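Asks: Shown below is the structure under consideration.
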Amino acid sequence: RLTHAVGKSKAMEMILTGSVNLDAQEAKTYGLVSAVFPPEKLVEEAIKTAGKIANKGAVSVQMAKEAVNQAYELSLSSGLHFERRLFQATFATKDQKEGMSAFAEKRKPNFVHE
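Numbering (our numbering), first residue to last: 10 to 123.
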């Protein structure tokens with residue numbers, strides 16, 4: 010799994026040399042973390058990110074998370090098929106209808122998480 014995360018060359022270097030210590034900036038460079046903040050800002054920034062996610066429809070967030078996790082494991086063709094099925098499934102949710110209505114009416118959506 011390290012090979013998927015950092016690439017073959019870096020994984021080989023890390024494993025063969027035993028040098029597996031990365032600082033925060035290196036972890037970001039290799040995509041192991043999405044952002045780096047000073048310790049005194051970490052909780053504040055984590056709460057901001059959580060707030061952005063919480064303002065989305067919970068069903069869609071769950072589906073998006075599942076799509077990203079599966080995309081990591083599946084072939085391109087299988088991943089696209091999986092994403093298409095999830096996308097189509099969103100049309101059965103109340104939140105999809107609310108999101109589209111809010112967009113059309115230029116207002117903030119009021120998701121019910123269904």
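Think of the CB as a built atom: it goes at the ideal place given N, C-alpha and C, for glycine as much as any other residue.
These numbers were taken from a predicted model, which means no experiment stands behind them.
Report yes if the CB atom of Ala111 is closer than 8 Å to the CB atom of Lys117, and no otherwise.
Replies: yes
Asks: Any contact of the segment 19 to 37 with the segment 59 to 70, i.e. 3+ C-beta pairs under 8 Å?
Replies: no
Asks: According to DSSP, is Tyr81 helix, strand or coil?
Replies: Three-state result, Tyr81: helix.
Asks: At which residues does the alpha helix (DSSP H) containing Pro48 begin and terminate?
Replies: Pro48: member of the alpha helix (DSSP H) spanning Pro48 to Ala63, first to last residue.
Asks: Leaving out the 5 sequence neighbours to the left and right, which residues in its chain are closer than 6 Å to Ala105 when beta-carbon positions are compared?
Replies: The sequence shown places Gln at residue 105, not Ala. Excluding positions up to five away in sequence, the list reads Thr99.
Asks: Let me know if Val15 comes out buried or exposed under the rule of 16 or more other beta-carbons within 10 Å of its beta-carbon.
Replies: buried
Asks: Does DSSP put Glu35 in a helix, in a strand, or in coil?
Replies: In the three-state reduction of the DSSP assignment, Glu35 falls in the helix class, which pools H, G and I.
Asks: Give the DSSP-derived three-state secondary structure of Leu11 in the structure shown.
Replies: helix
Asks: If you reduce the DSSP assignment to three classes, tell me which class Ser18 lands in.
Replies: helix
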